[in-house]
Every structure is written in C-alpha cells, then in structure tokens.
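Q: In the working numbering, the protein residues as written are 291 to 999. Where a beta carbon is used, it is the ideal one built from N, C-alpha and C, also for glycine.
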Amino acid sequence: MEEPVEPTISVDGRRFTIAPLDSNPTNYSNRELSWLSFNARVLALASDDELPLLERVKFLAIYASNLDEFFQVRVAGLRDQVAAGVRVRTPDGRTPQDQLDAIRRAIPSLEHERQAIFSSQLIPQLRAEGISILRYAELGPEDAKIADSYFDEQVFPILTPLAVDPGHPFPYISDLSLNLGVRVRRSGEERARFARVKVPDTLGRLVALSTPGAHIRIEDLIVAHLDQLFPGLQIVEHLAFRVTRNADLNYRDEEADDLLEHVEMELRRRRLGGAVRLEVGASTGDSIRSLLREELELDDDDIYTDTSFLAMSDLWALTRLDRPELEFDEFSPVVPARVSPRTGEDVDLFAELRTRDLLVHHPYESFSATTQELIRRASQDPDVVGIKMTLYRTSADSPIIRYLVRAAEHGKQVAVLIELKARFDERANIEWAKRLEQAGVHVTYGLPGLKIHAKLTMIVRREGGRMVRYCHLGTGNYNGGTAKLYTDFGLLTASEKLGDELAILFNTLTGYGGDVAYDDLLVAPNSLRPRLSELIRNEMAAEHGRIIMKMNSLVDPGMIGLLYEASQAGVEIDLIVRGICCLRAGVPGLSDNIRVRSIIGRYLEHSRLWYFANGTGTGESMVLFGSADLMQRNLDRRVEAVVAVSDVDVADRLQESLERELSPNLQTWNLEPDGSWTRTATPGLPDLHRAFEIDAIERREAVHPAAGG
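Printed below as a string of structure tokens:
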C-alpha cells in the first residue's frame, strides 16, 4: 500500500499556496527544487476555475512537458554526476546525490496532484461541456463502429509487435514514446511471453468519435484489439509505459575542427541516451513493471505510476478544438501607429527610425509588422549593402530565413551567427545553417566554450554617400510563433552610437577580438557581471537606493549575495522572476528589503528588464534590457547583450511597464520568507496580460481612432 502523499498545492477560498519544497533551506534555495516550485505554480493554474476550461487543460499539458524536459536534462545530468563520483556541493550545500534524493521526495506530491486535477476536476468539467475522453467499454454502438474502423484502416497496418525471447533481444525504447508491454501465453504453456508494441506517434493521441466532442485514447483502442496483434494467444496482462532518456548533449569536444559535424554526431547519440525515468499506467500485476525496470537499469525510485493519463503533454490536442468560449478571448497583435498610418501610403521604416527609436512590446505589438518587416525590406532594398544577425531559435517556417537568403542572392553581404547548441533546436539550426550557406550567406557557429544567446541584428544602408546602421536588440528570439506567446521587448534604432558598438561586437564574434570596452552595451562574458555589480553598488552608496529587476531565472550566487548586501544597506529591491529563484526574500537580517513575485498566465513572461534609480552614480536612473538572466551560464558562459537605454521616451515606457507589474492589485505569485509561494486570486482583480493588451490598443487608437469611435 502506497504511503499518503502530502499536498504541495493548497487552495483556501481563492488563495493558492505552494508549500516550500526545500526542507532545509540555507541562504540559497536549491536550483532544482526552485524549478519544481515554478512548475507547481504552472500546475496550480490548471485548478483555477476562474480561468477558461481549455486554458486550464493547456497549463496541465505545459506542466507535463516542462517535467519531461526537467528529467531529460536536469535529472539526467545529476545522475551522470553521481555515476562519475562527483561530490561538489551547490551553494545550498547539496551534493548531486542529495539533490536527486530531494527531487525524488518532491515529485510524487506534484504528480499526485496533477492526476487529481485531471481526474477529479477537469474530466467532469470537460464532460459537462460536451468534451469527453472515453474508455473502449464506454463506447456506444455507433462510436464503437467508428473506432473499430479507424483501428482496422489506420492503426493496425502500422503496428509492429516485438517479441522478447532468447532469439529476440529487448528492443530499444525511444525517448518519450508511448508503448504497451504485453504478456501473452500459448495454449498449453504455463510460461507467459513478453512483447512490446509501440503506440504510433504519427496518428495523434486522441481519436475523434462520431459523438461530437467524444474521443478515445489510441492506446485504449489498441488494447481493445490486442487479439488481432497476437492471434491464437491468450492476453495475460498489458501495461502502458513511457521512458524518458538523457537528452542532454556533450559539448566537451566542441573545439573540434567542424562544430556542425560534431553537433550532428551528438544528436545521433542523444537518441541512445540512458533511461532516467519510467512512467507506467495502472497494472494488474508487477511482472511487466519488473521486467522494464531491469532492462532499463532503473531503480524503484525512478518509476512513476500514472492512473489518469500517461504523457499528459498530449492534451494539447484538446486545446485545438473549436471552442472559443472555453479559451482566452482572441487577441491580434497591434501594429504600432508609427509604422501603419491610415493614409494608405507605405511607411518608410528607415526614415521613421532616423526620426526616433521604436520600442515594441510583444505579443501585444506585432513582431511581423516591425522587426520581421524591417528585415524583409532590408533584403530587397537596393541601398542596403549588408545584414548581420544572431540566430538562437527561430520558427520552423521562418520567413526571416527566406529574407536572408534573398538578400544574399541580391548580392548583399549577409553574415549570420547561428547557435548550433540551442537545446532541442540543434537539428533545426543545422538545417538553417546549411540552407543559408548554400545561398552564399557567411555562417559562423559561435565561439569555443560559449553559446551565443544575444538577440541582435544590424543592417548597413548606403545613404547620401555614407553608411548608416539600423539595429534591433531584443529580449526574445527571432521567432514569429513565440512572438505571439512570449512577452518580450525589442528596440529598433538608428542610433549611431549603438550602431558603432554593435559593429564592434559583430566583428569580435565573427573574427578575433579581446576584451572590448563599450558604453551603452553590457556584453557577457566580459563586461556584464562587473558592470551589473557596479550598478548595484551605486544603489548601496545612494541615499535612496532602488532596484527593480525582471528576469526568467535568478540563480547566480554572486549576484544573489550582492543583492543581500544591498538589502542590508537599505536598498529597496523588487524582483520579478518567472521561474527559478534561488534567493530567499524577506528573511530578517538577510533580505528584509527584497520582495519577489512571479507572473504566470496567458503569455510566457520572457523579457529581461532592469531599473536602477541611481544607475549613473550621479543620481540619474538607468533602464537596461537584453537577453541575459542572472545565472552563471548567462554571465560567464554565454555571449549576452544588454543595452542601457538612452532614449528618454523608451526608458520611461520600460520603467512604466515594470511599475505596472509591481502593482499590488495584480494576481501574481509572491515568495514568502519560508520559501512558500502564495497567490490570492481575488475575482475582479486585473490580469496583467489583459491590461497590456488594452494598453497596446489604446496607444494605437490615440493616434488612429477606430472608425466611428
């Protein structure tokens, strides 16, 4: 009998609480446990009945997908360290084995709650809305007929049962694939034999039935027809299972002569990564589970039982149903008034940027009509002579790649720095690199030991006998898909000073360069850490120190220690951290003046934005934004670019957005001194993302009033 699981997420009225997952906190919370706490906040939204029903399903799928990657990378890395005998302790005092043990203690409660939310809350509420996931035994005659025909015509032809016996070794189980383990027995034999059936991932997990809104899981359909796969045999038992493998790549040899070839080789190795987790469905016996554990070389602690819905990331299929009343209201990104006047004339983007900088806030303002459009025009403008760009991730059908190819074909000098080591986008980036090289683009793959994570574009245009640089600096990737889902800022500028500095940076990245000094740019791994440290110390020396920092993750112990010092010196500090936060907030004598909040909702908070009230050291404030989080990897092992904003209007708008996110009347998560997170979801409180949508519409309407408005 399983021991009762202590809840991690509790709900009292409209107050949500995430219990501390770190049972022995020091001055630093553990990175892995803090990440699990972030994912718990995502999970909690799936149980928030103030949110539209299909959006709650989406949060459940996001939680599951996040956890998959956590095992593929973080847990896999810890297991490798344990196997290698590594005993180096983290800032919170844990060895790799200590961290694995803590993770194994924390995850069962989260998984228990995930299954409870799905089975006890979402399934009944979906059924009330006419959306159901049925078992085969629940099907009516017409639905059963549809399901049987689908199996015979679509599923059965591509199934391949694989026997395991002395002549057939245990098959390779691919990462995150859904499978059925089946034990069968021949007539007259006592011993049952094992076979594996891979559930096809090309057909979709949920099969639509004739009843509107009704579905059946494809594995249930296969189970109902196992006799067709094993004719003449008795089906003794079956078990649905899923294996998670080590998917992290080894770049210790990244100084190889051909980095592209090396990454391609590592991608092939990823497929063969060792198993790190086994998920199993409900079973009538333990024989299949025991066989899988032995063959996959896992411990009992690595096995998780799911009696609700194995591979819950597949619930994304439900969110594609045409039920707009069960989703957030549709929002189309606004085209900023400056680039879309109502006169019907085409806007000269280059002339507009020469007038003043343009700040765009995604997804509220259109990426395609601003940043992407600038690159498109540059690709066909006869006066543009060169384009330089960094690419970390982009969309599968990226028009930006087409524009860069077109620019090269038109004889322009095009140089692109593609980061081949962008995790889980390596294969796509290899294909983009090859396509660009074939078109004559100068493609480079970064620097040894460093990932290029900066989001930069520079366009060189001949104007009146001189060269003018137009630049884009952003917090998000050049990806039109995520630009509709992630909150990011982008700055489009013709600033001569920034253009000069970006030119130096690009030349350093594609050629050779030492430690270059910049004025408005803070560049990792050289100047970002020392300059940030200087800015924090400026606030400590000022009479009224004030810091606001927004980021995805706060992990770096040096920066956390400096923020503790600043708090003890009287500096008021507000931190907006979506994900991992290893800093402990509001602890007496340590961080009394530090407050931390986390914003999770319709859009994924992705921008990195910092405000220092006395940033110049002379009493004047400074606003910065860019690509870096406060993690060791961002500060020391990546090329990151952060810009100190000089345009007063842009700086004011960025500061205003930070103040909006710190409003006491928002539905946000707040970090408590004991490490718990609390959220009071008071009905009627404004939603931050909806507020920014309204801001974007009103900003445009102030210039171009709607017809009849």
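Comparing C-alpha positions only, which one of F328, M830 and P315 sits nearest to I889?
A: Residue numbering aside, residue 889 sits at position 599 when the sequence shown is read from its first letter. Taking only the C-alpha atoms, the option nearest I889 is F328.
Q: So what does DSSP say about E895, is it helix, strand or coil?
A: Within the sequence shown, numbered from 1, the residue matching residue 895 stands at position 605. E895 falls in the strand class under three-state DSSP.
Q: For E855, is the classification buried or exposed, using 16 other Cβ atoms within 10 angstroms of its Cβ as the cut-off for buried?
A: Mapped onto the sequence shown, residue 855 falls at position 565. Classification of E855: exposed, given that the 10 Å Cβ count is below 16.
Q: Count the other CB atoms, across all protein chains shown, that sit within 10 Å of the CB of D543; report buried if there are 16 or more and exposed otherwise.
A: In the sequence shown, counting from the first residue as 1, residue 543 sits at position 253. Because the pLDDT at D543 is just 45, under 50, the model does not fix this residue reliably, and the value given afterwards should be weighed accordingly. By the neighbour-count rule (16 or more Cβ atoms within 10 Å), D543 is not buried but exposed.
Q: Find out if the Cβ-Cβ distance for the pair L844, C872 is shorter than 8 Å.
A: Counting from one through the sequence shown, the residue named residue 844 turns up at place 554. Counting from one through the sequence shown, the residue named residue 872 turns up at place 582. At the C-beta level, L844 and C872 come within 8 Å of one another.
Q: By how many angstroms is the C-alpha of E345 removed from the C-alpha of D604?
A: For the purposes of this step, residue 604 is taken as residue 314 along the sequence shown, with counting starting at 1. For the purposes of this step, residue 345 is taken as residue 55 along the sequence shown, with counting starting at 1. Straight-line Cα distance between these residues: approximately 14 Å.
Q: Does the separation of the CB atoms of Q1000 and P386 fall below 8 Å?
A: Absent from the structure is residue 1000, since the part of the chain shown begins at 291 and ends at 999.
Q: For D864, which residues does DSSP report across the bridge?
A: Position 574 of the sequence shown holds residue 864. Its beta-bridge partners are I838 and R885.
Q: What does the Cβ neighbour count give for N536, buried or exposed, with the cut at 16 atoms within 10 Å?
A: Within the sequence shown, residue 536 is the residue found at index 246, counting from 1. N536 comes out buried.
Q: Would you call the CB atoms of D433 and S500 closer than 8 Å?
A: On the sequence shown, position 143 is the one that residue 433 refers to. On the sequence shown, position 210 is the one that residue 500 refers to. Cβ distance < 8 Å, so D433 and S500 count as in contact.
Q: Looking only at its chain, what residues have a beta carbon closer than 7 Å to the beta carbon of A607, apart from the 5 residues adjacent to it on each side?
A: Here residue 607 is taken as the residue at index 317 of the sequence shown, counted from 1. Counting only residues of its own chain and dropping the five nearest sequence neighbours on each side, A607 has a CB closer than 7 Å to the CB of G494, R495 and L496.
Q: Express the C-alpha separation of G965 and R583 in angstroms, rounding to a whole number.
A: For the purposes of this step, residue 583 is taken as the residue at position 293 of the sequence shown. For the purposes of this step, residue 965 is taken as the residue at position 675 of the sequence shown. Near 35 Å, if we compare the C-alpha coordinates of G965 and R583.
Q: Applying the criterion that 16 or more other CB atoms from any shown protein chain within 10 Å of the CB defines a buried residue, is A831 buried or exposed?
A: Working through the sequence shown from its first residue, we reach residue 831 at position 541. With fewer than 16 Cβ atoms within 10 Å of its Cβ, A831 is classed as exposed.
Q: Which parts of the stretch 296 to 375 are runs of the alpha helix (DSSP H), unbroken and 4 residues or longer, counting only runs that do not cross its ends?
A: 321 to 335, 343 to 359 and 366 to 373
Q: Any idea which residues DSSP pairs E617 with across the strands?
A: The residue you call residue 617 lines up with position 327 of the sequence shown. Beta-bridge pairing links E617 to no other residue.
Q: Are P381 and P847 close, meaning C-beta to C-beta below 8 Å?
A: Numbered from 1 along the sequence shown, position 91 holds the residue referred to as residue 381. Numbered from 1 along the sequence shown, position 557 holds the residue referred to as residue 847. Yes. Within cutoff.
Q: Use the C-beta contact count for N769: other C-beta atoms within 10 angstroms, 16 or more gives buried, fewer gives exposed.
A: Sequence index remark: in the sequence shown, residue 769 carries index 479 (1-based). Classification of N769: buried, given that the 10 Å Cβ count is 16 or more.
Q: Please classify M921: does DSSP put it in a helix, a strand, or coil?
A: Taking the first residue of the sequence shown as 1, we reach residue 921 at position 631. In the three-state DSSP reduction, M921 falls in the coil class, being neither helix nor strand.
Q: Please name the residue or residues paired with V675 in a DSSP beta bridge.
A: Here residue 675 refers to the residue found at position 385 when the sequence shown is read from its first residue. V675 pairs with nothing; no bridge assigned.
Q: Determine the burial state of A546: buried for a count of at least 16 other Cβ atoms within 10 Å of its Cβ, exposed for fewer.
A: Within the sequence shown, the letter at position 256 stands for residue 546. Because the pLDDT at A546 is just 41, under 50, the model does not fix this residue reliably, and the point stays unresolved.
Q: Helix, strand or coil for L611? Go by DSSP, reduced to three states.
A: As a working mapping, residue 611 is identified with position 321 in the sequence shown. Three-state DSSP puts L611 in coil, outside helix and strand.
Q: Per DSSP, what kind of secondary structure is F520 in: helix, strand or coil?
A: For the purposes of this step, residue 520 is identified with residue 230 of the sequence shown, where counting begins at 1. Note: F520 maps to coil in three-state DSSP.
Q: Quick check on D411: does DSSP put it in helix, strand or coil?
A: Position 121 of the sequence shown holds residue 411. It is Gln, not Asp, that sits at residue 411 in the sequence shown. It is helical.
Q: Which complete beta strand (DSSP E) runs does the stretch 927 to 961 hold, if anything under 3 residues is left out?
A: Within the stretch 927 to 961, the complete beta strand (DSSP E) runs of at least 3 residues are 928 to 934 and 959 to 961.
Q: Output needed for L390: all residues of its chain with C-beta closer than 6 Å, excluding positions within five of it in sequence on either side, in chain order.
A: Your numbering for residue 390 matches position 100 in the sequence shown. Contacts found: L368.
Q: What is the residue span of the alpha helix (DSSP H) that N797 lies within?
A: Walking along the sequence shown from the start, residue 797 turns up at place 507. Residues E786 to T800.
Q: Using a threshold of 8 Å, state whether the C-beta atoms of V913 and V932 are closer than that.
A: Here residue 913 refers to the residue found at position 623 of the sequence shown. Here residue 932 refers to the residue found at position 642 of the sequence shown. Against a cut-off of 8 Å, the Cβ pair of V932 and V913 comes out as no contact.
Q: Check E545 in the structure and name its three-state DSSP category.
A: Counted from its first residue, the sequence shown places residue 545 at position 255. The pLDDT assigned to E545 is 45, lower than 50, so where the model puts this residue is not dependable; a value taken from the coordinates is nonetheless given after this. Coil.
Q: Name the DSSP bridge partner or partners of K741?
A: Taking the sequence shown and counting its residues from 1, one reaches residue 741 at position 451. Answer is R928.
Q: Look at the alpha carbon of V938 and the alpha carbon of V704, and state the distance between them as a whole number of angstroms.
A: On the sequence shown, residue 938 is found 648 positions in, with the first residue counted as 1. On the sequence shown, residue 704 is found 414 positions in, with the first residue counted as 1. Cα to Cα, V938 sits roughly 32 Å from V704.
Q: Considering only residues of the same chain and omitting the five flanking positions on each side of G999, which have a CB-CB separation below 8 Å?
A: Taking the first residue of the sequence shown as position 1, residue 999 is located at position 709. For G999, the predicted model reports a pLDDT of 35, less than 50, meaning its position is unreliable; a value from the coordinates is still stated below. Around G999: E991.
Q: Based on DSSP bridge pairs, tell me the residues matched to M757.
A: As a position in the sequence shown, residue 757 is number 467, starting the count at 1. Per DSSP, the beta bridge partners of M757 are R752.
Q: Using CA atoms only, rank isn't needed, just tell me which of A718, D687, A744 and E527 is closest to L707.
A: Residue 707 sits at position 417 when you count from the first residue of the sequence shown. Cα-wise, what sits closest to L707 is A744.
Q: On the criterion of 16 or more Cβ atoms from any shown chain inside 10 Å, does A903 qualify as buried, or is it exposed?
A: Taking the first residue of the sequence shown as 1, we reach residue 903 at position 613. Taking every protein chain shown into account, the CB of A903 has 16 or more other CB atoms within 10 angstroms, so this residue is buried.
Q: Using alpha carbons as the reference points, say which of G876, V758, E419 and R683 lies closest to E617.
A: Walking along the sequence shown from the start, residue 617 turns up at place 327. Looking at the Cα atoms, E419 is the closest of the given residues.
Q: Compute the Euclidean distance between the alpha carbons of A309 and P954, then round it to the nearest angstrom.
A: As a working note, residue 309 is residue 19 in the sequence shown. As a working note, residue 954 is residue 664 in the sequence shown. The alpha-carbon atoms of A309 and P954 are separated by roughly 22 Å.
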